Amino acid sequence: MRMKKALITFAQFLLFLGIFALGSFVHPFNLHHWAATPSSAGVNRYFVPDGLLLSIGAFLAIVILQAVRKRMCNTTWTMVAFLAAIAIGYALKFGFVTPGF
Numbered sequence: 018m019r020m021k022k023a024l025i026t027f028a029q030f031l032l033f034l035g036i037f038a039l040g041s042f043v044h045p046f047n048l049h050h051w052a053a054t055p056s057s058a059g060v061n062r063y064f065v066p067d068g069l070l071l072s073i074g075a076f077l078a079i080v081i082l083q084a085v086r087k088r089m090c091n092t093t094w095t096m097v098a099f100l101a102a103i104a105i106g107y108a109l110k111f112g113f114v115t116p117g118f
């Protein structure tokens, strides 16, 4: 049972990370940048939230399905997978765009 939860959590982590990466590179909503982050040598990076919004949507869909199926005990592990994927996505700078390049 523990191995099954670990595999499902890892699969959800890969799903959230993949959706975050795909949305960050494809820009399906074509939203404008949210904030500027100063980088070295006066270069600004802008955050485009498309991948983050897609990941949040997938997270909410999974949590709603778990609630409908009355499997709320798995929601904690879904949240762990989501937060880990978002943290690693930010560390890999998914969603950050440097204008002019």
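Read in order, the letters of the sequence shown are residues 18 to 118 in the working numbering.
Every residue gets a Cβ at the ideal spot worked out from N, C-alpha and C, and that includes glycine.
Model, not experiment: these values are computed from the prediction.
- Beta-carbon to beta-carbon, phenylalanine 30 and alanine 98 are separated by about 4 Å, close enough to satisfy the 8 Å threshold.
- In this structure, the alpha-carbon of tryptophan 94 lies about 8 Å from that of lysine 22.
- Taking a contact as a CB-CB distance under 8 Å, the pair alanine 75 and leucine 109 does not count as one, their CB atoms being some 18 Å apart.
- Between leucine 69 and phenylalanine 37 a beta carbon distance of about 6 Å is seen, short of the 8 Å cut, so the two are scored as contacting.
- For phenylalanine 46, no beta strand (DSSP E) segment is defined, and its DSSP state is neither H nor E.
- Between valine 60 and serine 41, the C-beta gap is not smaller than 8 Å, which leaves the two residues out of contact.
- One Cα belongs to arginine 88, the other to phenylalanine 113, and the distance between them is close to 35 Å.
- Cα atoms of methionine 96 and leucine 71: separation of roughly 15 Å, rounded to the nearest angstrom.
- Restricting attention to Cys90, Ile79, Arg86 and Tyr107, the CA atom closest to the CA of alanine 28 is found in Ile79.
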